[in-house]
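Heads up: the protein sequence lines correspond to chains X and A, in order. Here my numbering = 1-based position in the first sequence + 15. Here my numbering = 1-based position in the second sequence + 8. First up is the structure itself, then whatever we jot down about it.
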Amino acid sequence: MVNTLIDGLKERISKAITINQSVGIMLPSKNYSDLTQALLEYICSRTEDAWVYVTITKPYDNLIKQFGDLSGLENIKFIDCISRAAGISNTNPNCVFIESPTMLENLGLEIINVFKNVDDDTNKYLILDSLSTLVIYNDLEIVTEFFYHLANRTRARNIHSVSLMIEEEGVDSQLNKLIYLNDKILKVRDSFI
Amino acid sequence: MPEEELCVTGMADLDNLLGGGIPVGSTVLVVGSSGSGKTTLCMQYLVNGAQQGERGVFFTITEPLFKLTKNMEGFSFYDKKLIESGMVNLIDLRIISERLGLDTEKYSVEDAAALLDVLKDIADELNVKRLAIDSITALCYRLQSKEMIRDFIFKLGSSLAAMNCTTFLTSEVPPRKFQYSQHGIEEFISDGIIFLGDIERKGDLIRTFQLIKMRGMAHSRTKSAMIISSNNGIELAPLLKS
């Protein structure tokens, strides 16, 4: 069942991000692990593309422990916004560590800096995991402003983006509106596959 | 009308805000509280200049040289070879004062004149195009009146401008105070003012950068976020306003 779900997710992700510039994925928290697995497996299969994975939900070390195949890939760089704030001081040449998830300008700059090293002919993709976690550390207004800026800057540089939004019961509906800034929305439901 | 010759700082974001660079021969006050990035900005300015073939001098009065170099070694822009080759010269002003036999705490009019002559001679002999004094605040504390401060900075700026040398003077101010100097004089004699501040967001401090004034240039006055990283030194990004 889980494998079928992950395969289904990979297929949907693949179709959505090759057609649209920015894709928002809304998913219930119970499907979060499956979705990140599907995403990361998809990235591993796309070695000819350049990927930047921004993690605000799990520390980089944790992601690597979970998905060991990622550590050897040269086409994916990570930006970790939470390890430093949590007192984890590891360093890794494959990951940029941001001091705090409140430092949104720094995050925006580092995303662009990483893509600067990628040649123009390579397809570029950004994963933002996740918008809902970013709102835990920041006010909604500033995350909205950040996301507008980011969308403009990534579009100008022909970077495709995938933003995750973990839906929780009772979550402010304003928060959900953020995800609608994307060109395409995928809603993960039990009937998804 | 001939175009003004510009001193390209080599910090792309700053040069963009300036419209290309700083008019050559300007005296720019770099204002900020402790930890705002004044020294790093000045050092990156000098190193970038040296890489373009412009010799620079950094006069420190607030920090011993060994501490300064140790702090700078963490930045990828810092190139020890530029120091060894004399393209960037680091000089402790307190040692010069001692060698001149000056009272290290208070300068008389004659002491100030002697120090000024030494600074000018060093800049002239080394054919310096970029100079930084860190900090002008500490130097001004030793001058005994506002008139002496005004006279010192004016003469220093004029002499260096005549040598086509573009000068950064750091000015120490208390945190979260929108003032440009301790003595209220430095900003009026300077051609440009760069204000390094910070804003608090959820308890974290975000560094900010604002170009307040630059004579002879139509420049941006927007407040930017300033990021200091070991890889790229100083970078600017649009500050989120919410």
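Note that the Cβ used here is the ideal one computed from N, Cα and C, for glycine as well. As the structure is a computational prediction, the values presented were derived from the model and not from experiment.
If the five residues before and after S176/X are omitted, its C-beta is found closer than 6 Å to the C-beta atoms of S37, L141, T169, all from its own chain and listed in chain order.
DSSP places T112/A outside any alpha helix (DSSP H), giving it a letter other than H or E.
Under a criterion of Cβ atoms nearer than 7 Å, the residues of chain A adjacent to D154/X are, in order, S250. Take G241/A, set aside five residues on each side of it, and the residues of its chain with a beta-carbon closer than 8 Å to its own are M19, T48, Q52, F83, S84, F85, in chain order.
Shown here for L110/A: same chain residues with a beta carbon closer than 8 Å to its own, the five before and five after excluded, namely D119, A122, L123 in chain order.
The way I'd put it, the region 81-101 of chain X doesn't touch the region 200-211 of chain A; fewer than three beta-carbon pairs between them come closer than 8 Å.
For S115/X, the chain A residues whose C-beta falls within less than 7 Å of its own C-beta are D212, listed in chain order. At a cut-off of 8 Å between beta-carbon atoms, I235/A makes contact with chain X. If you keep only unbroken beta strand (DSSP E) runs of at least 3 residues inside the region 148-211 of chain A, you get 174-180, 200-209.
Pairing I174/X with D135/X, the inter-Cα distance amounts to about 10 Å. When beta bridges are read from the DSSP output, R138/A appears opposite G64/A, T174/A.
Cβ atoms of D144/X and L179/X come within 8 Å of each other, at about 5 Å. The beta carbons of I69/A and A146/A sit closer together than 8 Å. Of all residues in the region 116-139 of chain X, only T117, M118, L119, E120, N121, G123, L124, N128 place a beta-carbon less than 8 Å from a beta-carbon of chain A.
Look at the beta carbons and you see the region 187-206 of chain X touching the region 40-51 of chain X: at least three pairs across the two are nearer than 8 Å. Pairing K249/A with T117/X gives a Cβ-Cβ distance that is not under 8 Å. In the DSSP annotation of this structure, the continuous segment of the alpha helix (DSSP H) that includes H164/X starts and ends at 155-171. Here the alpha carbons of Q218/A and G28/A stand approximately 16 Å from one another.
At a Cβ-Cβ threshold of 8 Å, L177/A and I214/A do not count as neighbours.
Rounded to the nearest angstrom, the Cβ distance from C173/A to G61/A is 14 Å, too far for a contact under 8 Å. In the structure shown, the three-state DSSP call for F130/X is helix. Residues are counted here when their Cβ sits less than 8 Å from a Cβ of chain A; for the region 152-184 of chain X these are Y152, N153, D154, E156, I157, T159, E160, F161, H164, given in chain order. DSSP places A65/X in the uninterrupted beta strand (DSSP E) bounded by 65-70. Of the residues assessed, D84/X falls on the exposed side of the cut-off, its CB having fewer than 16 other CB atoms within 10 angstroms. Three or more beta-carbon pairs drawn from the region 94-113 of chain A and the region 126-136 of chain A are found closer than 8 Å, and the two stretches are therefore classed as touching.
In this structure, the CA atom of E56/X is about 23 Å from the CA atom of S98/X. Taking 8 Å as the upper bound for CB-CB distance, L124/X and A245/A are in contact here, some 4 Å apart. Residue burial annotation: Y68/X is buried, with at least 16 other C-beta atoms found within 10 angstroms of its C-beta. At a cut-off of 8 Å between beta-carbon atoms, R209/A makes contact with chain X.
At least 8 Å separates the CB of L123/A from every CB of chain X.
Counting only residues of its own chain and dropping the five nearest sequence neighbours on each side, I207/A has a CB closer than 7 Å to the CB of I214, T216. Only buried fits Y115/A, as 16 or more other CB atoms lie within 10 angstroms of its CB.
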